[in-house]
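Trainee: Structure provided below as structure tokens; questions to follow.
In the numbering used here, the protein residues as written are 1 to 260.
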């Protein structure tokens, strides 16, 4: 793609994501690193975000999940929470994706991102009324149902291995991770798994769990192309090594399932 076309294509996506202030960060960057500003438009948005293999709202939720999990890029997280709204994501979907991050990146990380989200909703005049799901006494059973639905046996194998060394942690995985969080119906499992894959790729520290959730994504109807698309998008936010390692994990998972 010629540079002019890449720039124009990227700028179109950037305007959708960034809204009225789409060029605010770019203008600041231009004063110190104009080439990086150009690369932001041409590569990040022209080469990656403009690709049609994933729709823009899903891409934005994946980005929000990754930046939440990384926890070290608050200005960019704020920009992309706004961007998710601009791309058509509902406030509930944004909150839910961040809530999922509590499982994989911890409560402080998710809590900080949710407080930032609350500030953004206030700035935008969004009156968000969160859906409160009543707690139940069957968290373990509910978690096992969600675990089987999503992982089709892979998650059960991991928890069984964990039982041998830390049975309480194995129970917490089922009750909290799956029973309390991943079983929630506010966003569909396809979107949830793509966001989790993006987060785990960006973190770069949990290859076994990344492979479990790549397999889970396939189980709930995500295609191989969509999985690769979400992973390679992380080159923008977490760097090429993280994206490359994620792609190699996907290849191993696809190979294990005789998909390649």
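Ideal Cβ placement from N, Cα and C applies to all residues, glycine included. All values derive from a computational prediction rather than experimental measurement.
1. If we require 4 or more residues per run, which alpha helix (DSSP H) segments fall completely within the region 11-70?
2. Roughly how many angstroms lie between the CA atoms of residue 212 and residue 23, to the nearest whole one?
3. Whole angstroms are fine: how far does the CA of residue 239 sit from the CA of residue 38?
4. Contact between the region 36-55 and the region 11-27 is defined here as three or more beta-carbon pairs at a separation below 8 Å; is this criterion met?
5. Between which two residues does the alpha helix (DSSP H) containing residue 196 stretch?
6. What span of residues does the alpha helix (DSSP H) with residue 143 cover, start to end?
7. Taking C-alpha atoms, which residue in 19, 41 and 189 lies nearest to residue 29?
8. In or out: residue 194 buried (at least 16 other Cβ within 10 Å) or exposed?
9. What residue from 91, 229, 235 and 160 has the CA that sits closest to residue 118's CA?
10. Is residue 233 closer than 8 Å to residue 62 when the C-beta atoms are compared?
11. Going by Cα to Cα distance, which pick from 134, 113 and 110 is closest to residue 179?
12. Counting pairs of beta carbons, one from the region 112-126 and one from the region 150-165, are three or more of them closer than 8 Å?
13. Which whole-angstrom value describes the C-beta separation of residue 76 and residue 67, a residue pair presumed to lie in contact below a C-beta threshold of 8 Å?
14. Going by alpha carbons, who is nearest to residue 113 out of 138, 87 and 69?
15. Going by alpha carbons, who is nearest to residue 104 out of 208, 229 and 236?
16. The alpha helix (DSSP H) spanning residue 185 covers which residue range?
17. Could you check the C-alpha separation between residue 25 and residue 251 for me, to the nearest Å?
18. Could you check the C-alpha separation between residue 223 and residue 217 for me, to the nearest Å?
19. Does the ligand HEM have even one heavy atom less than 7 Å from the beta-carbon of residue 139?
20. So which of 58, 226 and 72 has the shortest CA-CA distance to residue 202?
21. Which word fits residue 144, buried or exposed, when buried means at least 16 other C-beta atoms lie within 10 angstroms of its C-beta?
22. Since I believe residue 98 is in contact with residue 84 (beta carbons under 8 Å), could you give me their beta-carbon distance rounded to a whole number of angstroms?
23. Ordered along the chain, which non-local residues of its own chain (more than five positions away) have a Cβ less than 6 Å from that of residue 260?
24. In angstroms, rounded to a whole number, what distance separates the CA positions of residue 264 and residue 56?
25. Hey, how far is the Cα of residue 215 from the Cα of residue 43?
26. Can you give the Cα-Cα distance for residue 164 and residue 130, rounded to whole angstroms?
27. Please report the residue range of the alpha helix (DSSP H) in which residue 79 lies.
28. Does residue 205 pass the burial test, meaning 16 or more other C-beta atoms within 10 Å, or should it be called exposed?
Mentor: Straight from the coordinates:
1. Restricted to the region 11-70, the alpha helix (DSSP H) segments that are unbroken, complete and at least 4 residues in length are 24-30, 34-39 and 56-70, listed in chain order.
2. So the two alpha carbons sit approximately 38 Å from each other.
3. Their Cα atoms are separated by approximately 17 Å.
4. Taking 8 Å as the limit for Cβ pairs, the verdict is that the region 11-27 does touch the region 36-55.
5. It spans 189-203 - the alpha helix (DSSP H) in which residue 196 sits, taken as one unbroken run.
6. Per DSSP, residue 143 belongs to the alpha helix (DSSP H) from 139-151.
7. Of the candidates 19, 41 and 189, the one whose C-alpha sits nearest the C-alpha of residue 29 is 41.
8. Looking at its Cβ environment, which holds 16 or more other Cβ atoms inside 10 Å, residue 194 is buried.
9. Taking only the C-alpha atoms, the option nearest residue 118 is 91.
10. Going by C-beta atoms, residue 62 is nearer than 8 Å to residue 233.
11. Of 134, 113 and 110, the residue nearest in Cα terms is 134.
12. As far as the Cβ criterion goes, the region 112-126 does not touch the region 150-165, which means the pair count is below three.
13. Contact annotation, residue 76 with residue 67: C-beta distance approximately 6 Å; criterion of less than 8 Å satisfied.
14. Of the candidates 138, 87 and 69, the one whose C-alpha sits nearest the C-alpha of residue 113 is 69.
15. Comparing Cα-Cα distances from residue 104 to each of 208, 229 and 236, the minimum goes to 208.
16. No alpha helix (DSSP H) contains residue 185, which DSSP labels as neither H nor E.
17. Approximately 36 Å, taken between the alpha carbons.
18. Pairing residue 223 with residue 217, the inter-Cα distance amounts to about 8 Å.
19. The ligand HEM is absent from the structure shown, which contains no ligand whatsoever.
20. For the residues 58, 226 and 72, the minimum Cα distance to residue 202 belongs to 72.
21. Buried is the call here.
22. Rounded, the Cβ-Cβ distance is 10 Å, inconsistent with contact.
23. 254, listed in sequence order.
24. This structure leaves residue 264 out entirely; the chain is present only between 1 and 260.
25. Their backbone Cα atoms lie some 29 Å apart in a straight line.
26. Roughly 38 Å between the two C-alpha positions.
27. Judged by DSSP secondary structure, residue 79 falls within the alpha helix (DSSP H) whose first and last residues are 74-86.
28. That one is exposed.
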